[in-house]
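Residue numbers (our numbering), protein chains in the order written: chain A, -14 to 481; chain B, 5 to 590.
The beta carbon of each residue, even a glycine, is placed where N, CA and C say it ideally should be.
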């Protein structure tokens, strides 16, 4: 499910950006990253080499589409898209120097800049871009290139001019092109790392250390990425690591106690919810009158966040993207039928399980607490059958693949699912989610009563004081930049 | 049933019955001895387990006491418990878990005065649950020893638990801690793989065995309730220890019930021993049975074969065949029987000789009387003629030549009769000249001589490759001439069919020719049974001019050649004389 949610999160992010971009005025000013998205400013004593610990598994074969937080942090520095979106959802130049719309939004023309080069200095051509959009397959064989770009839609006008011709007007194209899966990669040069066109290039790569330097004369420190999956982050900090991202409360507590470290929370990026197939069955019935997401009281959700979950959490805050699906067009509609595998309540009473993804401590904490409250009147009123019968409720952790399969079938009593906190393209997010778990989304693209939000969580950046300058990307990914006053990345402007 | 079969059955019975008794006895002795040994082991282990559990419980109590002492010294915990601070909430909730991991316990929960769980190590997120019954129940149990079904989010587990208490600011708190009771726990108590320790409690069975007894009560399935009501182990030896069990998982309140710790010593090894005994017994039985059968066969063969030979020899004994030897060097009963039969044969031979002698004498007497009679018959007309001639010579001498001429025929006839009589008597005892003789050749010459002089149809069916017979060729011819003459005489008007055939006769299946058979068959008038019974008697004849000595002589000649002769005939259906002569090599 983590993979599922990660994929849907990416899709959501892209669509959200599209949505935001559509709402933005075409002729508006370029975003000011220097003031809007700076997370850590660094100092004049910032290190020329920054060591970053990546606590997740990193696989070069996934490039440029990340699978987890560690890959996201690394890939974002190595690979770059034609256009980018900042932390506020504003599009700005990436590999493309400029872009413009024609024919009332049905044709988009991108002009690549001179700086669009791979690590070896080879220019990134419009043909490379078109090829990467149309032919690349993402993780697990899924198509991650833009599905709305058909094979006949892309026109290579010249070596550095690319046009997208659509059958109807789309005003959200620029932001959509910031999807990390659309970043071009060069032909393999024998290294396990495919060449990219990001702001950093790989200087050296061993089994556990990837050293990246700014491309050309670009600003920014040399970054030494340490691939240390499963390591104790406190040991890494003790060993002098400058930067890491974590949600481990023990590490956060340790960092808080150390004056040489600073801890900066990232945006709330994930919502944990309880998905109950039995509630999907009750769609349109007596439970239909209940407002979406109101199955649990705010106090109950706050208590869960405060006491049950050990990560940095808060009670779920409304609104969420799945509560705002009214603007979806008919073309976004999907038929979210309840799967045939749903068990009846009588079957569930024989052995009821709350299933979560193994390896996700927050999901496990929530499942444990919900089991402990199996006799709670508030839960019984929120979830039909929760306190029914003599069958014992239990929490069960499953491997991600098993969890995805069980969730798709809806064969258990309830599931702890992790959803991206901000889905700025609710319709596409709902549609993507429906493709995976049909019973979660109603036929009119309204989330069914089956999804009961619980808590929001977020991660934290722990950095050595003054040694690192960070900005936030559109999806909350921290980007290492040059400290203030040492220059900033090049900016593009939208053509009038 | 043959003697051999009886002997084999007797041998089997004599060997098998003692062996079966021996095997059953060994099995029972082994079973009784090992079962008693297992019972002693189980009883000893029950005592040890009782002590082990008590010590384990005491160790838990010591850990809880140490924790209590540490808690009292922990000011942060004191503040978190006495003056609840939301910022210390996480610290408090994680406190029992940290303490549990440090002490190696599997279960630890702190509860306040009302029974509310303020911190749980084994189920961290079960905080605020009201559970006043468990600590009270544990505190009320003598020695505090009980098994508790503890809750977790995943699944309940069984723990050996104790309770302790402490207070902060006058507020009492209880501390319930324990160690997980898993199959390994019981395996450690069992100490021996052959021994299985199981806890039978209302919710199931926990066992040290790799494959636990299974469902509740399954461990009892192998125990049969006897009439007296006591449990009798069937396939295991069982010892029992009663313990207290508190079901705290369901959530309806802690309830203490009795559970049982069963110590079972599987009789698998004993069963294996039994199977081994059975296997070796079967092997030994099979070998012994085979040996017995072989020995019985050998003995029966050793006994029955000479008996069979004696029987065969005895079957060959006949008045004309008393040359069978029963010599035997054996010292046993068979030898005695053989010698007895030999002696009997000797007596028979003597008796037969005497009988033959008597018969010869009787025959000679009969012959003498017959000769006397015949001579008298021949002399009577001669004497009458002589008397007549003497009377004529005395009374009318000059008619004597006339009368002599008149009575000369009678004289000649009488003399011829006597000469014929003398010739026939001379033929009774010819001198034999025994040489290998080809019977077929004799027959061919005989038929060749006879062809053309008789009206009958003469045919032969001669077997090829006939062995030779040791006989006088003249005698053979005389025998066949007599039989052929008889056959021709039996034909009406001399017309009909006469067939002479030969064949070899084997001594037995697969054996070579022992004798040859000559058959002379005719299509003549045949004989009645009365005639057949006298046909070989001397001087018996149905012909007007017969002497009654032809077939009698044939029989004697055949007997002299150590052969045999018989006749098959019926009135009007012809006759068939069959004679068998021993071959020259037989």
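The beta strand (DSSP E) enclosing residue i, as first and last residue numbers
{"i": "residue 461/B", "result": "461 to 465"}
{"i": "residue 249/A", "result": "246 to 250"}
{"i": "residue 311/B", "result": "Unbroken run through residue 311/B is the alpha helix (DSSP H), 272 to 320; no beta strand (DSSP E)."}
{"i": "residue 154/B", "result": "150 to 154"}
{"i": "residue 436/B", "result": "Run containing residue 436/B: none; DSSP gives neither H nor E here."}
{"i": "residue 583/B", "result": "579 to 586"}
{"i": "residue 107/B", "result": "Looking at the DSSP string, residue 107/B is not in any beta strand (DSSP E); the run it does join, the alpha helix (DSSP H), is 93 to 107."}
{"i": "residue 483/B", "result": "Residue 483/B -> not in any beta strand (DSSP E); alpha helix (DSSP H) instead, spanning 477 to 494."}
{"i": "residue 226/A", "result": "Looking at the DSSP string, residue 226/A is not in any beta strand (DSSP E), and its letter there is neither H nor E."}
{"i": "residue 294/A", "result": "Taken as a continuous stretch (DSSP letters only), residue 294/A belongs to no beta strand (DSSP E), as it is neither H nor E."}
{"i": "residue 504/B", "result": "501 to 510"}
heavy atom of the ligand FAD below 6 Å from residue i C-beta
{"i": "residue 76/A", "result": "What this structure holds is no ligand at all, so the ligand FAD is not there to describe."}
Residue i, buried or exposed, once every other Cβ within 10 Å from all chains shown has been counted against 16
{"i": "residue 522/B", "result": "buried"}
{"i": "residue 18/B", "result": "exposed"}
{"i": "residue 570/B", "result": "exposed"}
{"i": "residue 180/A", "result": "buried"}
{"i": "residue 21/B", "result": "exposed"}
{"i": "residue 486/B", "result": "buried"}
{"i": "residue 13/B", "result": "exposed"}
{"i": "residue 563/B", "result": "exposed"}
{"i": "residue 5/B", "result": "exposed"}
{"i": "residue 286/A", "result": "buried"}
{"i": "residue 76/B", "result": "exposed"}
{"i": "residue 306/A", "result": "buried"}
{"i": "residue 88/B", "result": "exposed"}
{"i": "residue 194/A", "result": "exposed"}
CB contact check: residue i to chain A, cutoff 7 Å
{"i": "residue 220/B", "result": "Any reading at residue 220/B must be qualified, since the residue scores a pLDDT of 40, below 50, and its modelled position is unreliable; no value is offered."}
{"i": "residue 186/B", "result": "no"}
{"i": "residue 63/B", "result": "no"}
Endpoints, alpha helix (DSSP H) assigned at residue i
{"i": "residue 198/A", "result": "Segment 194 to 199 is the beta strand (DSSP E) holding residue 198/A; no alpha helix (DSSP H) there."}
{"i": "residue 18/B", "result": "7 to 77"}
{"i": "residue 283/A", "result": "283 to 288"}
{"i": "residue 347/A", "result": "346 to 357"}
Residue-chain proximity (residue i, chain B), Cβ-Cβ < 7 Å
{"i": "residue 292/A", "result": "yes"}
{"i": "residue 356/A", "result": "yes"}
{"i": "residue 232/A", "result": "no"}
{"i": "residue 353/A", "result": "yes"}
{"i": "residue 367/A", "result": "no"}
{"i": "residue 493/A", "result": "Nothing can be reported for residue 493/A: it is not among the residues displayed for chain A, which extend from -14 to 481."}
{"i": "residue 334/A", "result": "Low local confidence applies: a pLDDT of 44 at residue 334/A is under 50, so the model's placement there is unreliable, and no value is given."}
Ignoring anything shorter than 4 residues or poking outside the region 29 to 78 of chain A, list the alpha helix (DSSP H) runs there in chain order.
54 to 63
Any C-beta of chain A within less than 8 Å: which residues of the region 106 to 134 of chain B qualify?
127, 128, 129, 130, 131 and 133
List, from N- to C-terminal side, the alpha helix (DSSP H) runs of 4 residues or more that fit wholly inside the region 518 to 567 of chain B.
533 to 538 and 554 to 564
Where the region 285 to 309 of chain B meets chain A: residues whose CB sits under 9 Å from a CB there:
none
Would you list, in chain order, the members of the region 135 to 157 of chain B that have their beta-carbon closer than 7 Å to a beta-carbon of chain A?
157
Segments assigned alpha helix (DSSP H), at least 4 residues, entirely inside the region 148 to 192 of chain A:
158 to 161
Chain A contacts made by the region 82 to 101 of chain B, where a contact means CB separation under 9 Å
90, 93, 94, 97 and 98
Scan the region 155 to 176 of chain B for residues whose Cβ lies nearer than 9 Å to a Cβ of chain A and list them as they occur along the chain.
155, 156, 157, 158, 159 and 160
Given a limit of 8 Å on CB to CB distance, which residues of the region 282 to 308 of chain A reach chain B?
291, 292, 293 and 295
Positions along the region 377 to 402 of chain A whose CB lies within less than 7 Å of some CB in chain B
379, 380 and 381
Fully enclosed by the region 139 to 212 of chain B, which beta strand (DSSP E) runs are 3 residues long or longer?
150 to 154, 161 to 172, 175 to 184, 199 to 205 and 208 to 211
With 7 Å as the limit, tell me which residues of the region 439 to 468 of chain A have their beta carbon closer than that to any beta carbon of chain B; keep them in chain order.
none
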